[in-house]
Amino acid sequence: MVKKFVYFVLIQAFAILSLNAQTLQDVTKNGSDTTTGITAASFEAIAPSFFGSSIPGNINLLKGLTINGTMANESQNAITYQSGGGGGAAIVFSRGGSYETRMDFFTNNQPSSGNIIPRLRIGDSGNIGVGTLQPKAALDIGTFINDQKLGIVLGRLSEGNSEGEGTFLGVRGYNTQGSGDIKSFAIEHSFYGEQNSSINFYRGDAKAGGFLGFNTGDNTEKMRITAGGNVGIGISAPGEKLSVNGKIRAKAIKVEINNWPDYVFSPEYTKPSLPELETFITSHGHLPDIPSATEAKENGVDLGDVQAKLLKKIEELTLYLIEKDKELKLQKEQNDYQKGQMELLLKRVEKLEEEMD
Numbered sequence: 001m002v003k004k005f006v007y008f009v010l011i012q013a014f015a016i017l018s019l020n021a022q023t024l025q026d027v028t029k030n031g032s033d034t035t036t037g038i039t040a041a042s043f044e045a046i047a048p049s050f051f052g053s054s055i056p057g058n059i060n061l062l063k064g065l066t067i068n069g070t071m072a073n074e075s076q077n078a079i080t081y082q083s084g085g086g087g088g089a090a091i092v093f094s095r096g097g098s099y100e101t102r103m104d105f106f107t108n109n110q111p112s113s114g115n116i117i118p119r120l121r122i123g124d125s126g127n128i129g130v131g132t133l134q135p136k137a138a139l140d141i142g143t144f145i146n147d148q149k150l151g152i153v154l155g156r157l158s159e160g161n162s163e164g165e166g167t168f169l170g171v172r173g174y175n176t177q178g179s180g181d182i183k184s185f186a187i188e189h190s191f192y193g194e195q196n197s198s199i200n201f202y203r204g205d206a207k208a209g210g211f212l213g214f215n216t217g218d219n220t221e222k223m224r225i226t227a228g229g230n231v232g233i234g235i236s237a238p239g240e241k242l243s244v245n246g247k248i249r250a251k252a253i254k255v256e257i258n259n260w261p262d263y264v265f266s267p268e269y270t271k272p273s274l275p276e277l278e279t280f281i282t283s284h285g286h287l288p289d290i291p292s293a294t295e296a297k298e299n300g301v302d303l304g305d306v307q308a309k310l311l312k313k314i315e316e317l318t319l320y321l322i323e324k325d326k327e328l329k330l331q332k333e334q335n336d337y338q339k340g341q342m343e344l345l346l347k348r349v350e351k352l353e354e355e356m357d
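Counted from 1, the sequence shown has number 246 at position 246 by the working numbering; the numbering is strictly sequential.
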């Protein structure tokens, strides 16, 4: 086995030493990149050729492997591959005028070996570009993924791979043009080929108009964070910092409030009289300062505000009770005095009656 490997290495070394510099052919690019610039090495194999030969170790080369080029300023080296039935690939090593180097990986999906397309670049700064020759980050996926195309798979499970796109966590692209609530991207969980849950990124109508939608269950939106920071649960257009279309259960809720109604107990405060209250209730059907049933149904109620107003009514009611208690005590004193006077008069009458007898 060792002899076979040594034999293979010697043949490869002899092939490399026998290569002459070849003219680099232009590489046709696609997408938004320019069609000028990087060139790949010729697919013509230089003797010795391994076309169709068998290398010790049962390695069959149908066409050949060519290593070509020199490493000088603004030049390229390349490892190119051409299959016997058509189709080609290349790894191009290039250097600019300031010692910056990069590697480009080319493939194609055509019957011919030409027109190979750049698929991946490792730039001189270490940035890796997939689908772009100008990566702007450590990993830049430059392929357009609009029209609901799946662009990146972050993780995949073995279950469900035979159905649709399988079970995975990935990034999907949507629309880039239009107005209104335009969805741009989504980080989604797909289960057995069906979108299960996702975080959706919407562009909105302006640069500062972006918002988020959170989908669960059958991938329908359950929560939204608007451009202004409002959060809606079960509501797509929340008008407050938190809007919930449903019941809420909590251990405690604290409401910060100003103007707590202890001013009712101030000597300067004048509360309405009971007859005035009666007139208002008869006319409006509810207490002063308290929302009516119709208002509460249409607009809801502010918990802190209503709590303060109810406390105000309780404090006013307490003052009414204190006043009534004073009145009752005064009436009791008067009644007790009158009762004593009546008892004295009764005793005098009884005494007069006895004297007359």
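Think of the CB as a built atom: it goes at the ideal place given N, C-alpha and C, for glycine as much as any other residue.
- Pairing I233 with F214 gives a Cβ-Cβ distance that is not under 7 Å.
- The alpha-carbon of F105 is positioned some 29 Å away from that of T176.
- Within the same chain, and ignoring the five residues on either side of L319 in sequence, the residues whose Cβ sits closer than 8 Å to its Cβ are V264, F265, K271.
- Shown here for N230: same chain residues with a beta carbon closer than 8 Å to its own, the five before and five after excluded, namely P238, G239, E240, K241, L242, S243 in chain order.
- Runs of the beta strand (DSSP E) lying entirely within the stretch 138-162 and spanning at least 3 residues, in chain order: 139-141, 150-157.
- In this structure, the CA atom of A250 is about 16 Å from the CA atom of G304.
- D325: member of the alpha helix (DSSP H) spanning 303-356, first to last residue.
- In the three-state reduction of the DSSP assignment, V244 falls in the strand class.
- For S283, the uninterrupted alpha helix (DSSP H) run begins and ends at 274-284, by DSSP.
- Just so you know, the alpha carbons of K309 and P261 end up roughly 8 Å apart.
- In this chain, T294 is not harboured by any beta strand (DSSP E); it is covered by the alpha helix (DSSP H) spanning 293-299.
- Membership of P118 in the beta strand (DSSP E) is indicated by the continuous run 117-122.
- The Cβ atoms of P135 and G126 do not sit closer than 7 Å to each other.
- In this model, G97 and I128 are separated by some 21 Å (Cα to Cα).
- Counting only runs that start and end inside the stretch 205-267, the beta strand (DSSP E) elements of at least 3 residues fall at 211-216, 220-225, 231-233, 242-244.
- Annotated as distal: G170 and L139, with beta-carbon spacing of 7 Å or more.
- Taking C-alpha positions only, Q76 is separated from R95 by approximately 7 Å.
- Closest in C-alpha terms to F168, from the list L344, Y174, D181, V153, comes V153.
- In its chain, beyond the 5 residues on either side, T167 have a beta carbon closer than 6 Å to the beta carbon of L157.
- Each residue's CA atom was taken as its position, placing K183 and Y202 some 4 Å apart.
- For N196, the enclosing beta strand (DSSP E) stretches over residues 194-202.
- Closest option to Y192, judged by alpha-carbon separation, among L345, L321, E159: E159.
- The straight-line gap separating the alpha-carbon atoms of G217 and N196 is approximately 6 Å.
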